[in-house]
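Data first, discussion second: the structure below is written as structure tokens.
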Amino acid sequence: MHTPTVTFQPDARTVAVEAGQTLLDAVFAAGIPLNSVCGGRGICQRCRVCVQGGEIEIDAAGRLPGREILACLARVTGDVVVEVPEASRIEGEQILTGAERGPGAFIPISVEAAAGLPRVADLYVPSPLALPVPLELPPPTLHDCVSDLHRLTRELRRQRNIREVTVPMEVLRTLPQMVREAGWHVTALLGRADGGFNLIDLLPGAGAPRAYGVAVDVGTTTIVVHLVDLCRGTTLGATAALNRQIAYGDDVISRIIHAGEPGGLERLRTAALDTINLLIGGLARAHGVGRDEIVAAVCAGNTTMLHLLLGLPPAEIRREPYTPVVTAPLTCAAADVGLRIHRRGLAAAMPGVSSYVGGDITADVLAAGMDRTEELSMLIDAGTNGETVIGNRDFLACCACSAGPAFEGGGISWGMRAARGAIQRVEIAPDGTLTWATVGGARPRGLCGSGLVDLLAELLRAGIIDRAGRPRPGAPRVREGPDGLEVLVVPAPASAAGRDIVLTAADIENLLRAKAAVYAGASLLARRLGIEMQEIQRVYVAGGFGTYLDIRKAILLGLLPDLPPERVTFIGNGSVTGARMALLSYEVWRHAADVAQMMTYRELSTDAAFMEEYVSAMFLPHTDSARFPRACAELGTPQQ
342 MHTPTVTFQP
352 DARTVAVEAG
362 QTLLDAVFAA
372 GIPLNSVCGG
382 RGICQRCRVC
392 VQGGEIEIDA
402 AGRLPGREIL
412 ACLARVTGDV
422 VVEVPEASRI
432 EGEQILTGAE
442 RGPGAFIPIS
452 VEAAAGLPRV
462 ADLYVPSPLA
472 LPVPLELPPP
482 TLHDCVSDLH
492 RLTRELRRQR
502 NIREVTVPME
512 VLRTLPQMVR
522 EAGWHVTALL
532 GRADGGFNLI
542 DLLPGAGAPR
552 AYGVAVDVGT
562 TTIVVHLVDL
572 CRGTTLGATA
582 ALNRQIAYGD
592 DVISRIIHAG
602 EPGGLERLRT
612 AALDTINLLI
622 GGLARAHGVG
632 RDEIVAAVCA
642 GNTTMLHLLL
652 GLPPAEIRRE
662 PYTPVVTAPL
672 TCAAADVGLR
682 IHRRGLAAAM
692 PGVSSYVGGD
702 ITADVLAAGM
712 DRTEELSMLI
722 DAGTNGETVI
732 GNRDFLACCA
742 CSAGPAFEGG
752 GISWGMRAAR
762 GAIQRVEIAP
772 DGTLTWATVG
782 GARPRGLCGS
792 GLVDLLAELL
802 RAGIIDRAGR
812 PRPGAPRVRE
822 GPDGLEVLVV
832 PAPASAAGRD
842 IVLTAADIEN
852 LLRAKAAVYA
862 GASLLARRLG
872 IEMQEIQRVY
882 VAGGFGTYLD
892 IRKAILLGLL
902 PDLPPERVTF
912 IGNGSVTGAR
922 MALLSYEVWR
932 HAADVAQMMT
942 YRELSTDAAF
952 MEEYVSAMFL
962 PHTDSARFPR
972 ACAELGTPQQ
């Protein structure tokens, strides 16, 4: 029986697929970065391709004007040749791989805490989760003829005060030959465990030790990996890529639903692992590091992402009363997870708090140093889950709200991630002239999160939209579109796709819902704690979206509280920074569990006041102008 093949142009890649599989499945198998964020349901309409010839079956909803079709709704019935247009691709992703400096704000670099806080190096003793221990073993004699294992553990105790070591059978089987061939000069690779160590491997020679680890941020949209020298405490390199799970949906709920389908959980686990392992392999090759020299991995991510990575059923996360399988810190052998490092290397997952506040937020808190200072601070992650943490070293409280993917470009007509060609800066002159800046300086392909915030703020400031976000009929750039009023952002001749880039009234409503959810969550959490916003001395903004955000425009929209901009600090990718801290310090790893337990989770879905806060925040900047005096002064809006 003939196996159909799909050839993709202009990549000239051919893959074999089973009859009945979709073109989206084939694209994924070919490793081509096609835009698709709805889990193959035909909703986002971003997986547009052109069939140049061959045999397919396609649903009526998958046919678009011209030659374009939706890859997710087209099934392969025979050999086919497909063109993937540039406008349908995800490329040049601007992913934050760590702490960086953004425009007009200080971001902590590496393990340094924010301005005014002590350095992490001054707080924690360097003690990596895995370490090499060179040993010189005395050869056995008639007067010292203890077993080889006893000799090894005795010298670990004598030379390094390491008392409890678990030795795997695989190492034990090779122990006699290896120690003798090595002349009794060996290096023990040890992984930390509660109350002792696990012997990961025993290597010949006791020279300059080499041991490496990886810190991994398992994001819903992107995955970031740092390669760390465990002996020197330095980061050799960082890299990132889109999480391949994106093909099954762009939010955690879509993926939880997919995980419940036959084979769905394994597909999602494999997709995340493939992404992580490719990144680890690339970093290792670039820095001359062998796979077996990577002996530890610490992964941080939201609760759903870590469940999917570990192959844990996530179904109960979305069902009341929202109970995950586990939130405690987990450690196991790398082979049990599927990470392509030393198979007996230590794999660890950062502890979380609840179904919707995960290990990434614990890592954020560690990176910001909130748990170490008397300063009352607030952490906001404006991602899909919209997490907020308020507190200091005496207490921490947290919440999450369903902000949705709007600030990552999801649910927006011309929304996209921060890839090449994404509009990330917008200005509107007094005469209505709109100018933009794109990632990579390329022709505009769409709007990413920071560009959407910029655009909305500029439209509000220019009076093109009102405080309810409605486009004003007759205002510059406002016109009637197929679905009502819309704002022309980029005319067709200037766009990469050759079509007008617009912001529709429905797009604006989606953005208002997202910003209202984030602010309402932060506001209600503060209210339940009896804290006024003006009492907050520091606001930490986490994640890549925040790093490219214009603080003043975010305040103007009511996304961030109306505090002096100098109180706002970007911590960059706090998730990977916190994971790196835990990788380099067993004290941090143990403290992470204390931080997670210290956080009191507030379930907003059962709080009747949340809807009141949410509806009030649907205005720009807010229904209650007194909450945003600076923003209202800039807009010329009288305070109520």
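Its first residue numbered 342, the sequence shown is counted upward by one per residue in this note's numbering. Idealized CB from N, CA, C, for every residue including glycine. Please read these numbers as outputs of a predicted model, since none were measured by experiment.
- If you draw a 10 Å sphere on the C-beta of P467, you find fewer than 16 other C-beta atoms in it, and that means exposed.
- In this structure, the alpha-carbon of T528 lies about 11 Å from that of I541.
- In this structure, the beta-carbon distance from V569 to V555 falls below 8 Å.
- Nearest to L414 by C-alpha distance, out of Q362, V423, G394, is Q362.
- For S718, no alpha helix (DSSP H) encloses it; the enclosing beta strand (DSSP E) starts and ends at 718 to 722.
- With contacts defined by Cβ atoms closer than 8 Å, E954 and S864 form a contacting pair.
- Between L852 and L800 the beta-carbon gap is near 11 Å, outside 8 Å, which marks them as no contact.
- Closest in alpha carbon position to D352, among V358, A360, P374, is P374.
- Contact check for R921 and T576: beta-carbon distance about 7 Å, within the 8 Å limit, so the pair qualifies.
- Beta-bridge analysis with DSSP links Q350 to E424.
- Listed in chain order, the alpha helix (DSSP H) runs fully inside the stretch 761 to 840 are 790 to 802, counting runs of at least 4 residues.
- In this structure V508 touches L490 by the C-beta definition: roughly 6 Å separates them, less than 8 Å.
- Looking at the backbone, the Cα of A883 and that of S916 are separated by about 8 Å.
- For A689, the beta-bridge partners assigned by DSSP are V639, T672.
- Take G822, set aside five residues on each side of it, and the residues of its chain with a beta-carbon closer than 8 Å to its own are V843, T845, in chain order.
- Burial is judged here by how many other beta carbons sit within 10 angstroms of a residue's own beta carbon; D677 has fewer than 16 and is exposed.
- Distance check between R416 and each of L364, A401, E602 places L364 closest, using alpha-carbon atoms only.
- Counting every other CB atom within 10 Å of its CB across the protein chains shown gives V956 a total below 16, marking it as exposed.
- Under the 10 Å beta carbon count, M757 is surrounded by 16 or more other beta carbons and is classified as buried.
- Close CB contacts of L870 within its chain, under the 7 Å cut and outside five residues either way in sequence, are with I731, A738 (chain order).
- Note: H567 is bridge-paired with A556, A579 in the DSSP secondary-structure output.
- By the Cβ neighbour-count rule, A401 is exposed, with fewer than 16 other Cβ atoms within 10 Å of its own.
- Excluding its 5 nearest sequence neighbours in each direction, H683 has C-beta neighbours in its own chain below 8 Å: L530, I541, D542, R632, D633, E634, I635, V636, A675, listed in chain order.
- Secondary structure of T561 (DSSP, three-state): coil.
- In this structure, DSSP gives E602 a state outside helix and strand, which the three-state scheme calls coil.
- A straight-line Cα-Cα distance of about 27 Å links R659 and D366.
- Here G546 is near A523, since their CB atoms are less than 8 Å apart.
- In the DSSP assignment, P517 falls within the alpha helix (DSSP H) that extends over 510 to 522.
- Under DSSP, E496 forms no beta bridge with any residue.
- By the Cβ test, the stretch 778 to 785 is not in contact with the stretch 808 to 828, since fewer than three Cβ pairs between them sit closer than 8 Å.
- When P481, P970, D935, G699 are compared, the shortest CA-CA separation from D712 is found for D935.
- DSSP, read as helix, strand or coil, puts F960 in coil.
- Contact check for C789 against I806 fails: the beta carbons are separated by 8 Å or more.
- Bridge pairing for G913: A883 [DSSP].
- In the DSSP annotation of this structure, the continuous segment of the beta strand (DSSP E) that includes I842 starts and ends at 842 to 845.
- Residue burial annotation: A760 is buried, with at least 16 other C-beta atoms found within 10 angstroms of its C-beta.
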